[in-house]
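Residue numbers (my numbering): 3 to 288.
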């Protein structure tokens with residue numbers, strides 16, 4: 003029977019059943035199960051064996067509003083990865099073309115030519131390998147909003163436009179932040195390792211304003227970052243240093259000594275007054 007046959011315009015349910023049988027025959031290859039852990043995004047429940055996993059899957063991840071929302075989030079993650087992969091491929095092609103142009107110049111030295119050749123070959127292999135895709139979510143410059151694809155510019159004159167392009171790209175991280183911005187995409191931020199399109203200063207301010215006493219210790223700020231965003235659960239040394247730098251840089255953040263020790267508050271008037279020039283001058287560090 004055709005697994006895609008339709009009855010009254012509706013798809014048959016035979017396809018999912020066949021997939022389930024296939025996974026039962028090869029339990030270790032199930033995309034949602036590995037190393038004794040459920041791989042459903044945000045779950046990571048421990049399942050001793052494959053039957054236990056199936057029982058967990060049918061009970062905890064049944065068709066309901068929560069599972070549907072999580073599936074939509076995963077769709078957004080995949081779309082984002084595809085966009086980022088397409089952009090990285092375009093960038094790679096431009097790099098290879100640029101290096102090829104350089105290698106054909108008459109004044110090029112023999113040794114750089116050999117280096118360029120090896121770089122080109124290694125980059126070509128990297129592009130062809132499907133294993134390059136999983137590394138995309140942790141790319142520091144991965145934007146949350148979809149990237150607009152444009153024509154590939156591969157001439158050597160492209161080097162003169164690097165400055166303006168970087169500034170336009172970094173504008174994506176000047177988006178004003180509010181509680182609604184985070185609440186609306188809360189599940190996405192918590193499960194997708196995609197960089198949120200906000201400055202560190204805006205995120206620190208939001209963390210402080212959400213606290214009951216409108217003040218947080220440095221560790222409490224760190225905890226807010228990791229609790230709200232999956233992106234900040236990696237590379238802690240890098241982004242924690244950026245948080246400390248922003249707290250020292252912006253006058254709107256005031257350090258106060260109290261019973262808990264040193265806590266940070268935010269001067270909202272100073273933040274709104276200094277925000278435009280501070281963000282535009284520091285966006286590359288965010």
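Note that beta-carbon positions come from the ideal geometry of N, C-alpha and C, so glycine has one too.
Point to revise | Exposure label - residue 204; buried when at least 16 CB within 10 Å | key: buried
**Study point:** Status (buried if at least 16 other CB within 10 Å, exposed otherwise) for residue 64
**Key:** exposed
Check your understanding: Hey, is the segment 204-214 in contact with the segment 222-242, meaning 3+ C-beta pairs nearer than 8 Å?
Key -> yes
Point to revise | residue 275 CB to nearest heavy atom of the ligand FMN below 8 Å | key: Absence of the ligand FMN is noted for the structure shown, with no ligands found whatsoever.
Practice item. Below 6 Å CB to CB, which residues in the same chain sit around residue 46 once its five sequence neighbours on both sides are set aside? Key: 39
Review point. What is the residue span of the beta strand (DSSP E) that residue 257 lies within?
Key: 255-260
Point to revise | Closest Cα partner of residue 241 within the set 202, 218, 255, 84 | key: 202
**Study point:** Distance between beta carbons of residue 195 and residue 244, contact taken as under 8 Å
**Key:** In fact, because the Cβ distance is near 17 Å, the residues do not count as touching under 8 Å.
Point to revise | Nearest-angstrom Cα separation, counted from residue 197 out to residue 168 | key: In this predicted model, residue 168 has a pLDDT of only 40, less than 50, meaning its place in the structure is not dependable enough to derive any value.
Review point. Taking the beta strand (DSSP E) that residue 264 falls in, what are its first and last residues?
Key: 263-268
Check your understanding: Just curious, the alpha helix (DSSP H) that residue 227 is in, first and last residue?
Key -> 220-230
Check your understanding: How many Å lie between residue 95 and residue 185 at the Cα?
Key -> 38 Å
Point to revise | Residues bridged to residue 35 (per DSSP) | key: 40
Point to revise | residue 48 - partner residues in DSSP beta bridges | key: 39
Exercise for review: Out of 35, 71, 81, state which residue places its alpha-carbon closest to the alpha-carbon of residue 59.
Suggested key: 35
Review point. In whole angstroms, what separates the C-alpha of residue 220 from that of residue 81?
Key: 35 Å
**Study point:** Proximal residues to residue 267 (C-beta, below 7 Å), its chain only, five neighbours per side dropped
**Key:** 210, 216, 217, 256, 258
Check your understanding: If we count the other Cβ atoms within 10 Å of its Cβ and call it buried at 16 or more, is residue 32 buried or exposed?
Key -> buried
**Study point:** Where residue 201 sits in the DSSP three-state scheme
**Key:** coil
Check your understanding: If you follow the alpha helix (DSSP H) that residue 247 is part of, which residue opens it and which one closes it?
Key -> 238-251
Exercise for review: Determine the direct distance from the alpha carbon of residue 248 to that of residue 274, and round the result to whole angstroms.
Suggested key: 15 Å
Check your understanding: Quick one: Cα of residue 92 to Cα of residue 253, how far?
Key -> 41 Å
Practice item. For residue 78, I'd like the list of residues in its chain whose CB is within less than 8 Å of its CB, leaving aside the five on either flank, ordered along the chain. Key: 190, 194
Check your understanding: Residue range of the alpha helix (DSSP H) that residue 190 falls in?
Key -> 188-193
Review point. Going by alpha carbons, who is nearest to residue 213 out of 102, 265, 71, 100?
Key: 265
Exercise for review: Please check the pair residue 44 and residue 72, which I expect to be a contact at CB under 8 Å, by giving their CB distance rounded to whole angstroms.
Suggested key: 7 Å
Point to revise | Inter-residue spacing [alpha-carbon to alpha-carbon] between residue 200 and residue 192 | key: 15 Å
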